[in-house]
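Visitor: Here it is, the structure in full.
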Amino acid sequence: MSKITITDLQKMKQDGQKITAITAYDATFAKLFDDEGAQVLLIGDSLGMVLQGGDDTLAVSMDEMVYHTRCVVRGASKALVVTDMPFMSYATPEQTYQNAARLMAAGARMVKMEGGDWLCESIRHLTRNGVPVCGHLGLTPQSVHVFGGFKVQGRDEFHAQEIYRQALELQAAGIQLLVLECVPVALAERISKALRIPVIGIGAGPATDGQILVMHDAFGITSGYVPKFTKNFLAETGDMRAAIRLYVQQVSEGTFPGPEHCFN
Numbered sequence: 494m495s496k497i498t499i500t501d502l503q504k505m506k507q508d509g510q511k512i513t514a515i516t517a518y519d520a521t522f523a524k525l526f527d528d529e530g531a532q533v534l535l536i537g538d539s540l541g542m543v544l545q546g547g548d549d550t551l552a553v554s555m556d557e558m559v560y561h562t563r564c565v566v567r568g569a570s571k572a573l574v575v576t577d578m579p580f581m582s583y584a585t586p587e588q589t590y591q592n593a594a595r596l597m598a599a600g601a602r603m604v605k606m607e608g609g610d611w612l613c614e615s616i617r618h619l620t621r622n623g624v625p626v627c628g629h630l631g632l633t634p635q636s637v638h639v640f641g642g643f644k645v646q647g648r649d650e651f652h653a654q655e656i657y658r659q660a661l662e663l664q665a666a667g668i669q670l671l672v673l674e675c676v677p678v679a680l681a682e683r684i685s686k687a688l689r690i691p692v693i694g695i696g697a698g699p700a701t702d703g704q705i706l707v708m709h710d711a712f713g714i715t716s717g718y719v720p721k722f723t724k725n726f727l728a729e730t731g732d733m734r735a736a737i738r739l740y741v742q743q744v745s746e747g748t749f750p751g752p753e754h755c756f757n
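Structure representation (structure tokens):
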């Protein structure tokens, strides 16, 4: 099978087929997820928490993201590989271009940046120069200290409208994929219907065009706080391959996430 492209994901949205994404940090798990049908693999800066044991994602470096991208690419033969731009690696347009080029050279086929319309100039420049971009709105973990913790975003009308507006602005600037994290179901549905591009949810309900989980959450091996929007697929199957197969199946069928995983 040929590699999955953003065009394939756009067609899945148009056809009403759900997209399954999951984080990966090494070649072995990348191959497992790829073999079991995940369409998107994200090298998330979540590695700062689940691999390095930090309280947040802020200490992750560009060198670390480049290293893990190279590892994942070696295991992924089909899935679209997306890599997070880490904290303060895209504070200026010039810095953004240099760091995005490093990730693409390491094998990423898209870079992901957290934030709203202040990123539009950088997004336009990147896409003009052949770098596809994934946006990220709602709970953006790199801004955890601005939010005062890992909190649901967009619950009041003002902030919901602001997230909606920024989603449209990012699409106009050229993003080809959007991650929407920890927002009410109704807002996620509204944004997913309004955008032409696929919207991937995490803690955003079942109406988005796809779902993403941190792999450790999908296996139920996260230490400490376990987010409401996660599900332990390994507990139901007892086997890692079967767990990911079940995750892909339930996302495809629209049975995950259920009401118990959502915010209103």
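Read in order, the letters of the sequence shown correspond to residues 494 to 757 in the numbering used here. Using N, Cα and C, we set each Cβ at its ideal position, and we do this for glycine too. Remember, predicted model here, so these are calculated numbers, not experimental data.
1) Spell out the partners DSSP gives GLN654 in its beta bridges.
2) Can you say whether GLU650 is buried or exposed, counting buried as having 16 or more other CB atoms within 10 angstroms of its CB?
3) Which residue wins for smallest C-alpha separation from VAL471, given the options ASN592, GLY698, VAL543 and ALA514?
4) Quick one: measure Cβ to Cβ for LEU673 and ILE690, integer angstroms, because I've assumed they're closer than 8 Å.
5) Just reading off the beta strand (DSSP E) that LYS724 is part of, what are its end residues?
6) Return helix, strand or coil for GLU529, following the three-state DSSP convention.
7) Residues in its own chain within less than 6 Å of GLY547 by CB, not counting five upstream and five downstream?
8) Could you give the C-beta distance for VAL565 and ASP519, rounded to a whole number, given that I count them as a contact under 8 Å?
9) Would LEU663 be called buried (16 or more neighbouring beta carbons within 10 Å of its own) or exposed?
10) Cutting at 7 Å between CB atoms, please list the residues of its own chain near ASP550, excluding the five before and the five after it.
11) Considering only residues of the same chain and omitting the five flanking positions on each side of LEU727, which have a CB-CB separation below 6 Å?
Guide: Quick answer:
1) According to DSSP, which records beta bridges pairwise, GLN654 is partnered with nothing at all.
2) exposed
3) Residue numbering for the chain in the displayed model covers 494 to 757; residue 471 lies beyond these limits and cannot be assessed.
4) No, LEU673 and ILE690 are not in contact; Cβ-Cβ is about 11 Å, not under 8 Å.
5) LYS724 -> no beta strand (DSSP E), and no H or E assigned at all.
6) coil
7) Once the five neighbours on either side are set aside, the close Cβ partners of GLY547 are GLY541.
8) 7 Å
9) buried
10) For the record, residue 550 in the displayed sequence is Thr; it is not Asp. Once the five neighbours on either side are set aside, the close Cβ partners of THR550 are ASP538, SER539, GLY541, MET542, PHE580, PRO634 and GLN635.
11) PHE712, GLY713 and ALA736
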